[in-house]
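In the numbering used here, each residue carries its 1-based index in the first sequence increased by 22. Reviewing the structure listed below.
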Amino acid sequence: MPGKPETSNPDARSSPRLSRSFYRRNPVAVARGLLGHRLVSQIGDARTSGLIVETEAYLGIPDKGAHTYGGRRTPRSETMWGDGGYAYVYFVYGMHHCFNVVAGRAGNPVAVLIRALEPCASEAGSGSEPSNQNLDVLFARREKAKRFTDLCSGPSKLCQALNITRDQDGEDLIEGDLLFIERARSHSLPQGSIVAGPRIGIAYAEEWQHEPLRFFLEGNPHVS
DNA sequence: AGAGTGATCATG
DNA sequence: ATGATCACTCTC
Numbered sequence: 023m024p025g026k027p028e029t030s031n032p033d034a035r036s037s038p039r040l041s042r043s044f045y046r047r048n049p050v051a052v053a054r055g056l057l058g059h060r061l062v063s064q065i066g067d068a069r070t071s072g073l074i075v076e077t078e079a080y081l082g083i084p085d086k087g088a089h090t091y092g093g094r095r096t097p098r099s100e101t102m103w104g105d106g107g108y109a110y111v112y113f114v115y116g117m118h119h120c121f122n123v124v125a126g127r128a129g130n131p132v133a134v135l136i137r138a139l140e141p142c143a144s145e146a147g148s149g150s151e152p153s154n155q156n157l158d159v160l161f162a163r164r165e166k167a168k169r170f171t172d173l174c175s176g177p178s179k180l181c182q183a184l185n186i187t188r189d190q191d192g193e194d195l196i197e198g199d200l201l202f203i204e205r206a207r208s209h210s211l212p213q214g215s216i217v218a219g220p221r222i223g224i225a226y227a228e229e230w231q232h233e234p235l236r237f238f239l240e241g242n243p244h245v246s
């Protein structure tokens, strides 16, 4: 592989990433399984991150809410058709980006939308820097955010906060350097705290709009 | 509850 | 080429 920099093991001092096989499952399992883990961005000149607290599963060809409904395969959604564990980023409403992780395997165009993060002041590691830095950067990038809970409480808010754009479409979440998901250290996530409900913003999806494919941590203030 | 914003896609 | 749409956010 040409051009792979020598420094490409950011896991040496941090938590391991979720593996390819984690993503190569059905999107509901991935959407639920993602809750509580840490999305990390090294896009731009800072490392920013947050714990995933809200997700939505998109079920592909049969799903009237999905970009790939009916087998549609367009330039925008091309990465959804590929293998699991890659970023699918799209642009909507003329100003916003949304970040998904591709689930399943190549040929099955399913994905999970990341809808909200809980930004953390402390990066679990003990010896790291005085990491208000994470919050400082998030507030700087999210100019309109007044409160802590305005930072990453929506799919496009979190993209703005972590600097995610279409440039990241197709990024490899397992091998790439810019964007990845770290396994939570003490992943003692109580299964009972996961709640399901209908997905947001897909009124056009007819009967599919009511399917309980949105998952979030009950009572978390960062949920959108 | 309405405006903003322009890429994207299905038409033709 | 053209027009409708949009997995949203902000402000009123």
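Note that beta-carbon positions come from the ideal geometry of N, C-alpha and C, so glycine has one too. For clarity, every value in this text was computed on a predicted model and none was experimentally measured.
Of the residues the options, which one's Cα is nearest the Cα of residue i?
i, options, result
"residue 90", "203, 172 and 134", "134"
"residue 105", "164, 76, 132 and 88", "132"
"residue 230", "183, 158, 203 and 83", "83"
"residue 223", "177, 238, 201 and 191", "177"
"residue 164", "190, 43, 183 and 130", "183"
"residue 218", "75, 67, 93 and 179", "75"
"residue 95", "118, 119, 129 and 117", "129"
"residue 245", "117, 44 and 136", "136"
Give every residue of the same chain whose Cβ lies closer than 8 Å to the Cβ of residue i, excluding the five residues on either side of it in the sequence, and list them in chain order.
i, result
"residue 220", "231, 232, 233, 234, 235 and 236"
"residue 152", "Caution is warranted here: a pLDDT of 46 is assigned to residue 152, below 50, making its placement in the model unreliable, and the coordinate value is therefore given only provisionally. Cβ within range, chain order: n/a, list empty."
"residue 216", "54, 57, 237, 238, 239 and 240"
"residue 190", "65, 109, 111, 121, 200 and 201"
"residue 161", "167 and 173"
Between the beta-carbon of residue i and the beta-carbon of residue j, is there less than 8 Å?
i, j, result
"residue 127", "residue 39", "no"
"residue 101", "residue 124", "yes"
"residue 201", "residue 109", "yes"
"residue 98", "residue 80", "no"
"residue 207", "residue 37", "yes"
"residue 57", "residue 77", "yes"
"residue 107", "residue 194", "yes"
"residue 68", "residue 159", "yes"
Assign residue i to one of two classes, buried (16 or more other C-beta atoms within 10 Å of its C-beta) or exposed (fewer than that).
i, result
"residue 50", "buried"
"residue 238", "buried"
"residue 166", "exposed"
"residue 87", "buried"
"residue 114", "exposed"
Can you list, in chain order, the residues of its chain with a C-beta nearer than 6 Å to that of residue i? Leave out the 5 residues immediately preceding and following it.
i, result
"residue 148", "The pLDDT assigned to residue 148 is 46, lower than 50, so where the model puts this residue is not dependable, and the model offers no usable value."
"residue 212", "Because the pLDDT at residue 212 is just 44, under 50, the model does not fix this residue reliably, and the value given afterwards should be weighed accordingly. Cβ within range, chain order: n/a, list empty."
"residue 65", "185 and 200"
"residue 60", "71, 73 and 204"
"residue 41", "none"
Can you find the residues in the same chain that come closer than 7 Å, C-beta to C-beta, to residue i, ignoring five residues on each side of it along the sequence?
i, result
"residue 85", "91 and 230"
"residue 118", "178"
Check the C-beta distance from residue i over to residue j and give it rounded, since I have them as a contact under 8 Å.
i, j, result
"residue 243", "residue 187", "Actually they are not in contact, since the Cβ atoms of residue 243 and residue 187 sit about 27 Å apart, beyond 8 Å."
"residue 204", "residue 62", "6 Å"
"residue 121", "residue 174", "Not confirmed; about 11 Å, so no contact."
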